[in-house]
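If you count by this note's numbering, then the sequence shown holds residues 4 to 404, one letter each, in order. Even glycine gets a Cβ: it sits at the ideal position worked out from N, Cα and C. These notes are about the structure you will find just below.
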Amino acid sequence: MLKLDFHPSGRHFLQIPGPSPVPDRILRAMSLPTIDHRGPEFGALGLDLLAKIQRVFKTENPVMIYPASGTGAWEAALANTLSPGDRVLMFETGHFATLWHKMARRLGVEPEFLGLPGYEGWRHGVQADMIEARLREDSAQEIKAVCVVHNETSTGVTSNIAAVRRAIDSAGHPALLLVDTISGLASADYRHDEWGVDVTISGSQKGLMLPPGISFNAISDKAIEASRHNRMPKSFWAWDEILEANRNGYWPYTPSTNLLYGLNEALDMLLDEGLDHVFARHQRWAAGVRTAVQAWGLEIQCQDPDVYSPVLTGVVMPEGVDADAVRKIIYERFDLSLGMGLGKAKGKMFRIGHLGDCNDLTLIATLGGCEAGMKLAGVPLAGSGVTAALDYFAQHPLDGK
């Protein structure tokens with residue numbers, strides 16, 4: 004029989020950039036008895052949840068909640084706003100932008116992929132000027148949507164979404180703006196309304212600190228209007244029935260009740276702490292981890308300090324070192340899981356997540372496992388990243404204490 008909790012002593016260190024470690028408080032909430040999803044108690048829960056999730060997306064417009072992974076929310080965004088044969092402009096920043104592009108093709112949409120060339124193109128954020136230039140060329144306005152990833156989980160790059168909105172507006176183009184912030188929401192600052200996003204896609208297993216299984220579409224009035232006229236086949240993903248049922252706190256199908264308990268608890272934790280404090284906490288953790296990488300004398304995957312991710316840090320191995328072999332040593336010797344390099348970055352780097360149920364000492368231990376594992380693998384290090392991170396955290400307290 005497969006044993007899922009096989010760690011002999013202590014906790015396994017899950018430091019991948021999602022699914023993130025789930026706080027005990029959320030696990031306890033999810034263990035409560037399941038209730039009737041058509042009863043009055045559930046309706047009250049649903050209305051409360053829908054109001055609170057709007058605050059996290061920073062929107063006054065509806066937020067769809069699906070019992071699905073983020074991939075489902077990708078499909079929902081495309082299926083509700085586009086028709087077969089529609090042209091969309093997508094920007095390649097990493098593996099997940101590539102997967103979204105692949106999905107668009109499978110749905111019968113015609114995506115055009117912009118991006119910087121090669122592996123190096125995956126070390127930078129969305130180039131808003133390239134989007135503006137392409138939209139200006141589209142004099143017939145055949146492009147129906149611009150699709151970009153906010154926080155690219157495969158590379159540790161957080162792109163400037165406000166700049167993308169300005170690019171679309173400067174080009175005078177009516178294209179919808181669709182944004183994936185599956186790994187950014189609730190860890191990196193995100194503003195659906197202020198940034199003029201039409202559909203924002205997210206998921207439960209990253210900054211919201213939940214297991215996988217819930218995903219979201221935050222939608223604008225313009226997106227809702229597009230959904231009334233598009234011709235993409237859809238049923239489960241269709242916004243209209245969900246919008247109607249949500250008016251009273253319900254769903255048109257069976258929702259994931261116990262995950263919604265967990266979501267309710269997560270939202271209370273985030274809103275009680277204050278989103279600005281949450282974002283500052285993640286920025287500080289990220290800065291401490293980057294200090295460690297620099298002390299090791301290694302490269303950070305993201306090459307532009309202006310778009311360093313507060314959610315994860317990619318650590319590039321020296322030429323000739325297999326990052327997956329290093330990860331294997333770290334996992335087997337120190338019970339520590341790190342994110343692998345994906346797509347064009349496979350074997351070149353590993354990813355350290357700094358989100359979910361985490362604190363300074365969690366990250367110090369994580370960096371200790373990385374440092375020891377790299378030494379065992381023969382990776383030449385310039386100095387101690389652990390000591391550098393300890394000094395950084397000591398000298399930069401979050402609340403100035």
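Taking 6 Å as the limit between beta carbons, can you name the residues of its chain near residue 97, skipping five residues before and five after? Hits under 6 Å: 125, 155, 157, 158.
Between residue 350 and residue 119, what straight-line distance do the alpha-carbon atoms span, to the nearest angstrom? 21 Å
Which residue or residues does DSSP assign as beta-bridge partners of residue 204? 183, 220
Alpha carbons only, please: which of 253, 385, 357, 12 is nearest the one belonging to residue 190? Ranking the options by Cα distance to residue 190, first place goes to 357.
Are the beta-carbon atoms of residue 242 and residue 217 separated by less than 8 Å? no
Inter-residue spacing [alpha-carbon to alpha-carbon] between residue 3 and residue 317: Since the first residue of the chain shown is 4 and the last is 404, residue 3 is not available in this structure.
Could you tell me the alpha carbon to alpha carbon distance between residue 326 and residue 302, rounded to whole angstroms? 13 Å
Any Cβ of chain B within less than 8 Å of the Cβ of residue 241? Protein chains in the displayed structure number just one, and chain B is not present.
In three-state terms, what does DSSP make of residue 58? helix
For residue 209, the nearest candidate out of 73, 28, 290, 277 (CA to CA): 73
Using the rule of at least 16 other Cβ atoms within 10 Å of the residue's Cβ for burial, across every protein chain shown, is residue 121 buried or exposed? exposed
Counted within 10 angstroms of its Cβ, other Cβ atoms place residue 386 as buried (16 or more) or exposed: Residue 386 comes out exposed.
Which value, in whole angstroms, describes the spacing of the CA atoms of residue 380 and residue 323? Rounded to whole angstroms, residue 380 to residue 323 spans 12 Å at the Cα level.
If you draw a straight line from the alpha carbon of residue 282 to that of residue 313, how long is it in whole angstroms? Approximately 8 Å, taken between the alpha carbons.
Looking at C-alpha atoms only, which residue of 64, 62, 79 is the closest neighbour of residue 70? 79
Unbroken stretches of the alpha helix (DSSP H), 4 residues or longer, contained in the stretch 6 to 71: 27 to 33, 43 to 60
Counting along the chain, where does the beta strand (DSSP E) carrying residue 365 start and finish? No beta strand (DSSP E) contains residue 365, which is instead part of the alpha helix (DSSP H) from 363 to 379.
Are there 16 or more other CB atoms within 10 angstroms of the CB of residue 139, so buried, or fewer, so exposed? So residue 139 counts as exposed.
Specify, as a first and last residue, the run of the alpha helix (DSSP H) that residue 101 falls within. 98 to 109
Going by other Cβ atoms of all chains shown within 10 Å of its Cβ, with 16 needed for buried, is residue 399 buried or exposed? exposed
Can you check the stretch 104 to 170 for any beta strand (DSSP E) of at least 3 residues that lies completely inside it and give the ranges in chain order? Here the runs fully enclosed are 113 to 117, 146 to 152.
Where residue 390 falls: helix, strand or coil (DSSP): helix
Measuring only the C-alpha atoms, how far is residue 306 from residue 319? 11 Å
Please report the distance separating the alpha-carbon of residue 366 from that of residue 227. 42 Å
Examine the Cβ distances between the stretch 255 to 274 and the stretch 26 to 42 and report whether three or more of them are shorter than 8 Å. yes
Could you tell me which residues DSSP puts in a beta bridge with residue 302? 319
May I have the straight-line CA-CA distance separating residue 27 from residue 245, to the nearest angstrom? Answer to the nearest angstrom: the Cα atoms are 31 Å apart.
Mind checking residue 267: buried by the 16 CB within 10 Å criterion, or exposed? buried
Proximity to residue 288 [Cα-Cα], best of 391, 237, 230: Nearest option by C-alpha distance: 391.
Short of 6 Å in beta carbon distance, which residues of its chain neighbour residue 285, apart from the five on each side in sequence? Order them along the chain. Excluding residues within five positions, the ones whose Cβ falls inside 6 Å are 190, 313.
Nearest-angstrom Cα separation, counted from residue 83 out to residue 206: One C-alpha to the other measures close to 18 Å.
Taking the alpha helix (DSSP H) that residue 91 falls in, what are its first and last residues? Premise fails: residue 91 lies in the beta strand (DSSP E), 90 to 94, not in any alpha helix (DSSP H).
Given this structure, state the Cα-to-Cα distance separating residue 161 from residue 344, to the nearest angstrom. 17 Å
Could you check the C-alpha separation between residue 142 and residue 176 for me, to the nearest Å? 9 Å
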